[in-house]
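J.: Sharing a structure with you now.
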Amino acid sequence: MPYNPTSVEKKWQKYWLENKTFRALDPKEAGDRPKKYILDMFPYPSGAGLHVGHPEGYTATDIVSRYYRHQGHNVLHTMGWDAFGLPAEQYAVKTNTHPRVTTEANVNNFRKQIQMLGLSYDWDREINTTDPKYYRWTQWIFLQLYNSYFDPFDSKAKPIGHLVAELENDNLVVAPDGSIHISPVPEGMEAISGDVNTYRKWSSFDPAEQRGILDGQRLAYTDEAPVNWCPGLGTVLSNEEVIDGQSEVGGYPVERRPMRQWMLRITAYADRLLADLNTLDWPESLKEMQRNWIGRSVGAEVDFDIDASSVAGRESGVTADESDPRPTTDDLPAITVFTTRPDTLFGATYMVLAPEHELVDSITTPEQKPAVEAYLAASKGKSERDRMQDAKDKTGVFTGAYAINPANDEKIPIWIADYVLMGYGTGAIMSVPAHDDRDWAFAQKFVLPIRQVVQPLTGMTPGDKAFTDTGVAVNSDFLDGLTTVEAKERMIEFLEIQNVGHRSINYKLRDWLFSRQRYWGEPFPIVLDNIGNHYAVGEDELPVTLPEMADFKPTGTPEPPLSKAKDWLKYHARNPQLATRNLSRETNTMPQWAGSCWYYLRYIDPDNADAMVDPGKESYWMPVDLYVGGVEHAVLHLLYARFWHKVLFDLRFVSTAEPFQRLVNQGLILGETEYHFFETPGGGAISATEFASISEEATDQGLKMAGIHKTTGQKHYATPVIEQLVEKKGDRYVLRSRPEIAVDARSFKMSKSRGNVVNPDDIVSEYGADSFRMYEMYMGPLEAQKPWNTRDIVGLYRLLSSVWRNLVGDDENNKVASIVAGPIPDELDRHLHRAIKKIGEDIETLRFNTAIAEIFKLNNAITGLTEVPRALAEAMVILLSPFAPHIAEELWEKLGHAPSIQTAHWPKYDPAKLIDTQIELPVQVNGKLRDKLVVAADADEEMIFQLVEGSEKVKPWLEGKTIRKRVYVPKKMVNYVVN
RNA sequence: CCGGGCGUGGCGGAACGGCAGACGCUACGGACUUAAAAUCCGUUGAGACAAAAUCUCGUGCGGGUUCGAUUCCCGCCGCCCGGACCA
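1076 is the number that my numbering gives the last residue of the first sequence; the numbers go up by one with no jumps.
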């Protein structure tokens, strides 16, 4: 019988499902078996179905999972569906079907496609984020965030009740801005916040004020803040979901507008999220992306007083003009700036405020008012996108006012410019044009003074650009001669003593905007009264289920669709304290990231109705040992999940500080290589006639010009099999028959519009899942980006067919396999043991391409044999089974074993068999290979040199030369240096 | 502009201080076959020589370290990914 993947694969997929072959054991059943938690990033089940990128990561983790099972581990390997989210809802709106219906259909399709690949998931643990039994616990976690605060003294989350107790016991006081401080007020605090008498004890606040203070401390809080409102999607978006001023999904323009929104206090965790990156076995590039996103910068805040005399007519004591709304200069607060370079304060020659800065109005002088207003109007009209595109060309306007540089009491002009962002730091900067590129450009354009205050350690400051490196302070009074690092410290000390500034740390990371004006998401477990207070529903009232609605479309206004569910809105409180109030449900829903923030915990205990996860099971399985997924989640999912995990860790619901110990990004699979023809290199496209003639030539040579999907005025594409028509000339390609036609060979991302998407179903039905899996793993390193090439798959299919023929025979090819008892011949045995070692190590380090190459070699070694020793055959089937599990099961059975091969133990290699008694030693003369000697592995150096010098091939290269040096690297090679 | 990664045959890639091109694809030749497919065997970086033996060149470009560099270091060029007025 020849190898027939279709029937074999169907048979074993059915067997695995029915027998629950891949069931993960709960800790009690597992005994002392070591655990491995191998996790895939669960997919968003889109309508388009699986693409070839999904199986890449899934196959990798599947190989690892199967390998560890063969090694006797208890493996948790699972699949689920991240099924809330915008695309399902948009599709639902478009087709007027309920998102639940499309989601369910998509999930079923995804499950079918995934099962067709023979992935070894424990299907009893399948989860779906849209299942009320699942999102009940998403809501529960939200309640934990809501009912917790971040204690800055311990740097961890604690229940809000703990805060109340501390306040009631007078261990803490409240500052005017609502911040909480240790009581008594610590030294230095006074200096920062001014009047210490304004700190108050908890008991002196009325209940409404107390409530406001507590709400201001919660990890989940509401805020009326400028948010990213996307009219096109009818929802607000998080910073992470906005790219270049457009929505990540759909590419609609996004505008800033103030709205009441739920926020999660991720900024409280900025330092821990940053520090703990160092404990993780993640790709360095990904850690760097998270570091950049958190964007911690250390520096100082500096207060600049506004020069009273510069704000005309509004000096202290002058009778106020009723029609002038500006405060008197007495009331003008200082302008606070953030800088990472306090050492350059003496070089600050002007200041700049963001156009949105609150002081802009009050400091602008009457003469400058028209110019300032015109500028504000112009910059308001610019979208975020425009502002970024104009980044190089600086614009700005003078306010007419001056500030006092606290370092030297110098009067410096205050400008307004949109290169200063309200969202970062304080929305105001001190400008040091000599040592900042942007300030330099601005000063050049508006002819403002430039003063050098840092001297490079070597060489001179170039006169045509800013010197932004560290060096030695000059022109800086008491800082002169100090290095940049020393000068920073000295200046901060000065600022703190003078009470005009202090050390400060700034983050790019903003709090996480957590509410969406959508239907298809988790409802908040929150109710509101008619004066805007919010209350948590009881944990025993979860889940708060989504109401069935015929009309779930966005309202087109910031009012969420759930506001249309009139009956659902009414909340009947069980809590007697709330029962008297008129309460209605929160109508916002949670963003898509909510469900994916903790799904890895639910896999551990998916059916638990009493807890998110059983603590015993949690501490057994966590942390995740290997997490594989795409790099697109570097700063969204992976940062959010870490944040939630840390909160749950602080509250003692999970046992590890980090969820994902080891993380690997699989590389993107690009579309098949395309060939574009040009008349000249870099020139215009060839004509349609010419293209037709090339096509004809290909046909003449028996080649297919398949996949011509676009004939635009610009380019002609041809894929895939025209390599034979093309040759390389220098560093570019030309058409072999007509070298005047240049050919550009490139691969592009798979996309519907380009028409180069490969559907896994087609590949599986033609070659089988085993060949498909092996092809994807053989393409190259897992992390590398690599182009798809359908032509290459046949190689893997041939391998599996050949293994089949060699072990069980194939009557169609007159191949009778002959499995014999008895020992494995020495040479083959050594080969087998090398393969066992290599394949095992390669799986552990995720180098599947070289592992498969090793399987090829082993199979090549037995291909010519008339008899295959049973021990060799069986070992080989086990080695193959993680990669091609279906055929391995079938061969295992045909070799006389009861199912399943999953219980077979991974073969062990014998180190003694890896050592060769005879080795082939390359001999070089002056680094060039001249001979190869076969010597005993334990031959000593002198013996080897004698052999070398006796070699007929080496002799001519030594004749008449002096031997300067003889190098023998034991068991590796010999090199003679002569001249 | 900044940060990270990568440049090796006709293609995917291997080796990552020690025999460059493992393994696969393609192509070519041979065996089997009436024939084809399938299968099996062989050749396949470039050049010199009629051919073999053999020699020369060759891992984007230029330099350095080393007995020895695809591998480590410095400087360019090109491609890919990410960030981008973050003070």
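Even for Gly, the Cβ is constructed at its ideal location relative to N, Cα and C.
Computed from a predicted structure; not experimentally measured.
1) Just to confirm, is the Cβ distance from P979 to R163 under 8 Å?
2) Taking the C-alpha atoms as reference points, what is the distance between L374 and M386?
3) Could you tell me which uninterrupted beta strand (DSSP E) segments, each at least 3 residues in length, are contained entirely in the region 924–973, listed from first to last along the chain?
4) Answer with buried or exposed for M527, where buried requires no fewer than 16 other C-beta atoms within 10 angstroms of its C-beta.
5) Would you call D859 buried or exposed, if buried means 16 or more other Cβ atoms sit within 10 Å of its Cβ?
6) Using only the alpha-carbon positions, how far apart do N205 and L988 sit?
7) Tell me whether the beta-carbon of V529 lies closer than 8 Å to the beta-carbon of T441.
8) Are there three or more Cβ pairs, one per stretch, closer than 8 Å when the region 218–225 is compared with the region 604–618?
9) Are L214 and A866 touching if we call contact CB-CB under 8 Å?
10) CB-CB under 7 Å to S681, same chain, minus the five flanking residues each way: which ones, in chain order?
11) Taking Cβ to Cβ, would you say M709 is nearer than 8 Å to L698?
12) Beta-carbon within less than 7 Å of G713's beta-carbon, same chain only, minus the 5 sequence neighbours each way: which residues are those?
13) Figure out for me which residue from P256, I959, K562, N853 has the closest Cα to the Cα of V149.
14) Kindly list the residues whose CB is nearer than 7 Å to the CB of D926, restricted to its own chain and excluding five residues on each side of it in sequence; keep chain order.
15) Does D274 come out as helix, strand or coil in the three-state DSSP assignment?
16) Here's a check: name, in chain order, each residue in its chain whose Cβ is nearer than 6 Å to the Cβ of R902, leaving out the five neighbours to either side.
17) Could you round the C-beta distance between R615 and P658 to whole angstroms and report it? I think they count as a contact, below 8 Å.
18) Between the C-alpha atoms of V261 and R315, what's the straight-line distance to the nearest angstrom?
19) Use the C-beta contact count for L726: other C-beta atoms within 10 angstroms, 16 or more gives buried, fewer gives exposed.
20) Quick check on the DSSP output: what are the complete beta strand (DSSP E) runs of length 3 or more inside the region 509–589, in order along the chain?
21) Among I403, E771, R362, which has the Cα closest to the Cα of S63?
22) Over what stretch of residues does the alpha helix (DSSP H) that includes L666 continue unbroken?
23) Let me confirm a value: I998 is counted as buried when at least 16 other C-beta atoms fall within 10 Å, else exposed. Which label applies?
24) Taking the beta strand (DSSP E) that P196 belongs to, which residues open and close that run?
25) For the 8 Å Cβ check, are there 3 or more pairs between the region 970–984 and the region 920–938?
26) With DSSP as the reference, identify every bridge partner of D179, one or two as the case may be.
27) With the cut-off set at 8 Å, would you say A970 and I916 are in Cβ contact?
28) For the candidate residues E880, I890, L643, K743, whose alpha-carbon lies nearest to that of W379?
29) Within a Cβ cutoff of 6 Å, which residues of the same chain sit near R353, ignoring the five residues on either side of it in sequence?
30) Which one or two residues does DSSP pair with R315 in a beta bridge?
31) Tell me the rounded alpha-carbon separation between V494 and S476.
32) Count the CB pairs spanning the region 735–751 and the region 246–254 that are closer than 8 Å, and state whether there are at least three.
33) Tell me whether H1002 is buried or exposed, calling it buried when 16 or more other Cβ atoms sit within 10 Å of its Cβ.
34) So, under 8 Å CB-CB, L56 and N325 are touching, yes? Tell me the CB distance rounded to an integer number of Å.
35) Specify the secondary structure class of A981 as computed by DSSP and reduced to three states.
36) Hey, out of I238, I594, L330, S382, whose CA is closest to F740's CA?
T.: Let me lay it out:
1) yes
2) 11 Å
3) none
4) buried
5) exposed
6) 31 Å
7) Yes, they are a contact pair.
8) no
9) yes
10) V624, L625, L666, K667, Y668
11) Yes. Within cutoff.
12) P124
13) Selection P256, I959, K562, N853 evaluated against V149 yields N853 as nearest (Cα-Cα).
14) K1010
15) coil
16) K912
17) Taking 8 Å as the upper bound for CB-CB distance, R615 and P658 are in contact here, some 7 Å apart.
18) 12 Å
19) Note that residue 726 corresponds to Gly in the displayed sequence, not to Leu. Buried is the call here.
20) 525–528
21) Coverage of the chain is limited to positions 98 through 1076, which leaves residue 63 absent and any answer about it impossible.
22) 663–666
23) buried
24) Taken as a continuous stretch (DSSP letters only), P196 belongs to no beta strand (DSSP E), being part of the alpha helix (DSSP H) at 196–212.
25) yes
26) BP columns for D179 are empty, so no partner.
27) yes
28) E880
29) P323
30) Looking at the DSSP assignment, R315 forms a beta bridge with Y246.
31) Going by the C-alpha atoms only, they are around 11 Å apart.
32) yes
33) exposed
34) This structure cannot settle anything about residue 56, because the visible part of the chain is limited to 98 through 1076.
35) coil
36) I238
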